[in-house]
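Q: Take 102 as the starting number for the sequence shown in our numbering and just add one per residue.
Glycine residues also receive a C-beta, built at the ideal position from the N, C-alpha and C atoms.
Being a predicted model, the structure only gives us computed values, none of them experimental.
After the C-alpha cells below, expect a handful of questions from me.
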Amino acid sequence: MYHSVIFGDKNTWDDWHLVPETRPVINPPEPKFSKVDIPSGDGDLDLTNALSPYTYYNNRTGSIDFIVVNDMYCQVDHEKEWYMRYTEIMNYLHGKKMRMILEDDKQYFYEGRFSVNQWESDVHYSKITIDYDVTPYKWNLFSSLDDWLWDPFNFVTGVIPNPDYKDVSLPGPDHITGELQWVTININRRDIGVAPICPNIHISYVDPPDPDPFIAYETYFQIPGYEGYRTFVPSDYIDGVLQIPEYTFRKDMTDDQLKIVAASNGVGLPSISLEIREGCF
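Shown next, in the form of C-alpha cells:
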C-alpha cells in the first residue's frame, strides 16, 4: 500500500507516482491558550475560557515528504521527467485551497491551502515536500443531505445520515390569525461530532414565488440565545443555500440549544433542509 494522499481530485500515487517517506499523519491543531503572568505571585492566570466555555484551536500546519519514482513517469527521458512532474504539481497545487483526504482515513477530509516547499532531484529519484495549512478539524465526507451508501460506509465509526433534516415543510402563517407557525428541527448530538458546526440551510419552493419586487417572500429563524428572530429573503441565499453564523452547534450543548426553529410567510410553500456534517480531530 502506498498510503496515498488525495489533493482535490488528484491522487499522489495514481496521478504523480509519489510515495510518502512515512505514513502520512496530519499534525494536531495547537490550542489557543490565553494566560496572564501574575506579578509577585505563583503561576499564571488562565483566561482561556474567560469569554467562552470552549477551547479554540489554530490551524493544523505541517508538511509531507514524498519520494518521486522517476522511471514511472517518463520512460523516454529520465533527466527531463522530473521537470514535467514539478511543473504539473506546481500548477495544480501551489497556493491553492482544496480538500485533502488520506487514503488510510478515507471517510474524512481536511480543507485548507497547500504549497510546494522544495524539490530535490537525484539520478535515481527525486524528493518533494508539500506543506499544508488546514482547518483544525477533519470532516466526514458524507453529510445529512447525502444518500447512505453501503460500500464506503464504516460500520464502526460511520453515522447514517438523519432523514429528519431533509425537506421539512414550513406551513406558512395561520390562515385565520395570520400568526407565524413555527417548526422545530431538533439536532441529534450524535450527528455533530466534537467539532463546532454552522450548518448550511437549504431553502426550496414547491412553486417559484412571484417575482413581484414589492412582495416580500420571507423565512424566519429563531436562534438559541438571541431574542426575537432573524428574517431572510431569497436574495440572501446563494443558490438556495443560507448560512447563519450564530447557528453554531456543539456536541456538549443542551437539548434546548441543539435545534433550528423556523417559519415562513407562506408564499411559495418553502421547505428547508439542514446540511449537518460530523467533525472531529
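1. Along the chain, where does the beta strand (DSSP E) containing H303 start, and where does it finish?
2. Between L375 and the rest of its own chain, which residues show a CB-CB distance below 7 Å, the 5 nearest in sequence each way excluded?
3. Please classify E379 as buried or exposed, where buried requires at least 16 neighbouring CB atoms within 10 angstroms.
4. Taking the alpha-carbon positions, what's the I139 to L146 distance?
5. Residues bridged to E383 by DSSP?
6. Is the stretch 182–193 in contact with the stretch 204–215, if contact means three or more CB pairs nearer than 8 Å?
7. Straight-line CA distance for G341 to P130?
8. What are the start and end residues of each continuous alpha helix (DSSP H) run of 4 or more residues lying completely inside the stretch 342–368, in chain order?
9. Considering only the beta carbon of each residue, do T236 and N218 sit closer than 8 Å?
10. Hey, out of W220, Q282, T332, whose CA is closest to H195's CA?
11. Look up S336 in the DSSP assignment and say whether it is helix, strand or coil.
12. In the DSSP assignment, find the unbroken beta strand (DSSP E) run with V169 in it and report its ends.
A: Walking through what the data contain:
1. 301–306
2. S245, Y266, I286, P300, I302, I361
3. buried
4. 7 Å
5. Outside the modelled stretch of the chain, which goes from 102 to 382, sits residue 383, for which no answer is possible.
6. no
7. 33 Å
8. none
9. no
10. For H195, the nearest C-alpha among the options comes from W220.
11. helix
12. 161–170
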